[in-house]
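S.K.:
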Amino acid sequence: MRLRALLETDALGLRLLGGEDELDRTVRGVMTTDLRDPSRYLSGGELVLTGLAWHRDAADSEPFVRILAGAGVAGLAAGEAELRDIPADLVEACRHHRLPLFAVNETVAFATITEHVVRQVSGERAGDLAAVVDRHRRLMTSGPAGGGPEVVLDLLTSDLDLRAWVLSPTGRQIAGAGAPLPGPLGAALAGHHLAATRTGRRGPHRAAVAGTTYSLFPIRNTGRGALPAARDVRESVLSDWLLAVEADASDWPAARLDLLQGVTQLIAVERDRRDAARTVRRRLAQEVLELVQAGAAPAEIAARLRVAAPVLLPGLGVAPQWQVVVARVDWGATGQTPAAGDIASGPVAQALLEEILVDPAVSGPDSADRIAVAHTGEEAIALVPLPTVTAAAEGTGEDASGEAARADAEEADALDEEPGLHAEALLASVREPLSAGLADDGRLTLGVSAAVHSAEGLRGALEEARHARRVAAARPGRVCAAGHHELASHVLLLPFVPDDVRRAFTARLLDPLRDYDRRHRAELIETLEAFLDCDGSWTRCAARLHLHVNTLRYRVGRIEQLTGRDLSRLEDKLDFFLALRMS
Numbered sequence: 004m005r006l007r008a009l010l011e012t013d014a015l016g017l018r019l020l021g022g023e024d025e026l027d028r029t030v031r032g033v034m035t036t037d038l039r040d041p042s043r044y045l046s047g048g049e050l051v052l053t054g055l056a057w058h059r060d061a062a063d064s065e066p067f068v069r070i071l072a073g074a075g076v077a078g079l080a081a082g083e084a085e086l087r088d089i090p091a092d093l094v095e096a097c098r099h100h101r102l103p104l105f106a107v108n109e110t111v112a113f114a115t116i117t118e119h120v121v122r123q124v125s126g127e128r129a130g131d132l133a134a135v136v137d138r139h140r141r142l143m144t145s146g147p148a149g150g151g152p153e154v155v156l157d158l159l160t161s162d163l164d165l166r167a168w169v170l171s172p173t174g175r176q177i178a179g180a181g182a183p184l185p186g187p188l189g190a191a192l193a194g195h196h197l198a199a200t201r202t203g204r205r206g207p208h209r210a211a212v213a214g215t216t217y218s219l220f221p222i223r224n225t226g227r228g229a230l231p232a233a234r235d236v237r238e239s240v241l242s243d244w245l246l247a248v249e250a251d252a253s254d255w256p257a258a259r260l261d262l263l264q265g266v267t268q269l270i271a272v273e274r275d276r277r278d279a280a281r282t283v284r285r286r287l288a289q290e291v292l293e294l295v296q297a298g299a300a301p302a303e304i305a306a307r308l309r310v311a312a313p314v315l316l317p318g319l320g321v322a323p324q325w326q327v328v329v330a331r332v333d334w335g336a337t338g339q340t341p342a343a344g345d346i347a348s349g350p351v352a353q354a355l356l357e358e359i360l361v362d363p364a365v366s367g368p369d370s371a372d373r374i375a376v377a378h379t380g381e382e383a384i385a386l387v388p389l390p391t392v393t394a395a396a397e398g399t400g401e402d403a404s405g406e407a408a409r410a411d412a413e414e415a416d417a418l419d420e421e422p423g424l425h426a427e428a429l430l431a432s433v434r435e436p437l438s439a440g441l442a443d444d445g446r447l448t449l450g451v452s453a454a455v456h457s458a459e460g461l462r463g464a465l466e467e468a469r470h471a472r473r474v475a476a477a478r479p480g481r482v483c484a485a486g487h488h489e490l491a492s493h494v495l496l497l498p499f500v501p502d503d504v505r506r507a508f509t510a511r512l513l514d515p516l517r518d519y520d521r522r523h524r525a526e527l528i529e530t531l532e533a534f535l536d537c538d539g540s541w542t543r544c545a546a547r548l549h550l551h552v553n554t555l556r557y558r559v560g561r562i563e564q565l566t567g568r569d570l571s572r573l574e575d576k577l578d579f580f581l582a583l584r585m586s
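Per my numbering, residue 4 is the first one in the sequence shown, and the count goes up by one each step.
1. If you draw a straight line from the C-alpha of residue 90 to the C-alpha of residue 106, how long is it?
2. Closer than 8 Å by C-beta to residue 236: which residues in its own chain qualify, once you throw out the five before and the five after it? Chain order, please.
3. With a threshold of 6 Å on Cβ separation, who are the neighbours of residue 341 within its own chain once the five nearest residues in sequence on each side are excluded?
4. Let me know the secondary structure DSSP gives residue 1 once reduced to three states.
5. Considering only residues of the segment 485-560, which uninterrupted alpha helix (DSSP H) runs meet the minimum length of 4 residues and lie entirely inside it, listed in chain order?
6. Just to confirm my understanding: we take residue 419, look at its own chain, exclude 5 residues before and 5 after, and list those with CB closer than 7 Å. What are they?
7. Put residue 259 into one of helix, strand or coil per three-state DSSP.
8. Quick check on the burial criterion: 16 or more other C-beta atoms within 10 angstroms. Buried or exposed for residue 220?
9. How big is the Cα-Cα spacing for residue 74 and residue 22?
10. Below 8 Å on the Cβ atoms is my contact criterion, and I expect residue 247 with residue 217 to pass it. Report the Cβ-Cβ distance as a whole number of Å.
11. Looking only at C-alpha atoms, which of 357, 539, 184, 310 sits nearest to residue 327?
12. How would you call residue 213, buried or exposed, if buried means at least 16 neighbouring beta carbons within 10 angstroms?
13. Distance check for residue 118 and residue 240, CA to CA, integer angstroms please.
14. Could you give the uninterrupted runs of the beta strand (DSSP E) lying entirely in the segment 71-131, keeping only those of 3 residues or more?
15. Is it true that the segment 31-38 meets the segment 50-60, where meeting means three or more beta-carbon pairs spaced less than 8 Å apart?
16. Spell out a yes or no on whether the segment 259-267 and the segment 170-180 are touching, meaning 3 or more CB-CB pairs, one atom from each, closer than 8 Å.
17. Kindly give me the distance between the Cβ atoms of residue 307 and residue 290, rounded to whole angstroms, as I take these residues to be in contact under 8 Å.
18. Just to confirm the assignment, what range does the beta strand (DSSP E) spanning residue 438 have?
19. Give me the Cβ distance between residue 389 and residue 423, rounded to the nearest whole Å; I'm assuming they're in contact under 8 Å.
20. Select from 45, 72, 92 the residue whose C-alpha is nearest the C-alpha of residue 62.
21. Quick one: complete beta strand (DSSP E) runs, 3+ long, within the segment 159-232?
22. Please determine, among 520, 551, 513, the residue with the shortest C-alpha to C-alpha distance to residue 581.
23. Could you have a look at residue 300 and say whether DSSP puts it in helix, strand or coil?
24. Looking only at C-alpha atoms, which of 566, 552, 475 sits nearest to residue 508?
25. What's the call for residue 206, buried or exposed, on a 16-neighbour Cβ count within 10 Å?
26. Does the beta-carbon of residue 40 have 16 or more other beta-carbons within 10 angstroms, so that it is buried, or is it exposed?
As structure tokens, then:
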């Protein structure tokens with residue numbers, strides 16, 4: 004806005020004392036000060052408001068005005084409440100430095116002027132930014148992206164003083180302006196967004212985290228790579244991106260809200276490009292999966308893997324190891340939602356698994372360029388390449404049998420006996436937001452195979468991952484995972500125990516203890532779990548529970564009395580252990 008517009012606004016009570024030729028200066032902000040030297044707080048273009056508390060004698064005006072003029076302020080407005088009349092030496096100093104000077108009537112509060120300037124400047128900035136966003140949208144929709152989402156987010160920061168980030172449904176940062184968003188904060192914001200979306204409320208959603216307010220705008224993916232139009236919010240809630248803005252949008256004018264909606268549409272164009280590029284990797288995974296499930300010859304599968312390796316591991320030049328990850332999203336009926344039999348869970352699980360498999364420490368929309376995920380029925384199946392130690396050695400020019408290769412292998416073994424993906428590690432950073440999106444009627448279960456070194460092992464790896472997912476499905480919780488190492492344990496049998504048998508078995512052993520705990524607050528269940536976890540060691544169990552050994556012996560005796568079992572017998576210990584795992 005121009006200084007002339009302020010002078011023409013009667014409600015502001017401004018009277019021009021000098022600088023008639025400078026009234027076309029642009030006002031970019033407002034600042035109130037009574038400091039003798041406010042230069043550190045000035046960036047140029049401000050209307051400076053002062054109550055003249057700094058003015059003690061005529062010699063004070065010249066240095067004060069010189070500082071303002073040097074900082075490039077648009078004008079000075081002095082209040083009449085303190086001195087009644089504006090000092091002549093201040094008028095002369097402003098004339099000398101060609102700085103427009105206004106007198107503010109004592110009946111007008113500085114806050115009134117500040118509010119008016121901020122409102123006008125914000126509206127004009129929004130209009131200018133809207134034009135830039137529209138131009139950027141035309142560029143992105145007609146050709147290669149002009150810098151990606153970061154360009155638009157930078158504009159939000161520079162023109163509207165808004166810090167903003169594009170986040171995935173798990174809270175991973177895809178784009179941002181300025182400092183990266185901490186991982187836990189991103190996960191918390193994604194959880195707020197998913198929980199609000201599940202309630203059916205329209206965005207933007209307001210979230211307060213660690214004393215800061217954010218507004219969360221959904222980014223709907225409606226391009227070529229999008230899922231079909233959702234008939235149910237559960238079909239898209241776990242795949243949509245969001246725009247997190249560090250501001251409270253609840254009192255924003257409609258023009259600014261429309262501008263942010265335009266920004267989300269612009270970012271959706273960028274996502275469409277990313278998803279279109281991902282189509283090649285999805286098709287490769289689908290072809291390999293169909294060959295494996297059809298029982299194709301290993302040589303045919305190996306040939307397809309050789310085609311896939313350069314796409315998934317560019318520059319590696321050798322066949323890697325592979326792991327298979329299987330995921331499934333199941334929806335049930337609750338009092339608020341209907342049965343989910345018509346929801347296409349396969350594509351939902353596919354998009355979600357692609358996100359889960361991205362390293363959470365990696366940001367950017369193209370960080371999933373080594374992940375190939377297909378879906379069949381209600382399952383999503385990922386083919387994940389793992390570079391081998393031998394390949395790494397060849398890449399450095401060392402002989403695979405040389406000292407360098409052996410040293411690398413020994414170091415890898417020392418750091419991690421089982422290199423590759425681990426079930427619980429995959430879900431560690433995403434469990435909180437996804438649980439919010441799944442609410443009380445959804446479940447995500449995931450299984451991870453061991454690494455295999457050839458095409459012959461892929462069929463077994465697929466079955467292994469599927470078995471592991473069924474083990475995860477037998478556990479309580481909204482987001483569960485299991486790995487291949489658990490398939491050599493008794494837990495492999497648990498998913499296949501009929502529900503009625505499971506309930507009867509656990510009730511017979513544990514219900515007497517639970518009833519006793521409810522009546523006496525005796526913590527017998529907790530004692531039993533600790534005793535079995537300590538392998539029946541009285542001293543270790545007493546130390547863990549912070550009990551005297553005699554107290555522990557009393558509790559164990561009570562458990563045996565109530566159940567008719569003997570915890571010194573291996574068979575009874577095993578029965579209790581299985582009952583606790585199945586409960």
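Here a beta-carbon is modelled for each residue, glycine too, at the ideal position from N, C-alpha and C.
M.R.: So, to answer that:
1. 11 Å
2. 200, 201, 203
3. Here residue 341 scores only 47 on pLDDT, less than 50, and its place in the model is too uncertain to base an answer on.
4. Here the chain covers residues 4 to 586 and nothing more, so residue 1 does not appear.
5. 502-523, 527-536, 541-548
6. Because the pLDDT at residue 419 is just 45, under 50, the model does not fix this residue reliably, and the point stays unresolved.
7. helix
8. buried
9. 17 Å
10. 5 Å
11. 357
12. exposed
13. 39 Å
14. 78-82, 104-107
15. yes
16. no
17. 6 Å
18. Unbroken run through residue 438 is the alpha helix (DSSP H), 434-441; no beta strand (DSSP E).
19. 5 Å
20. 92
21. 167-170, 176-179, 208-212, 215-222
22. 513
23. coil
24. 566
25. buried
26. exposed
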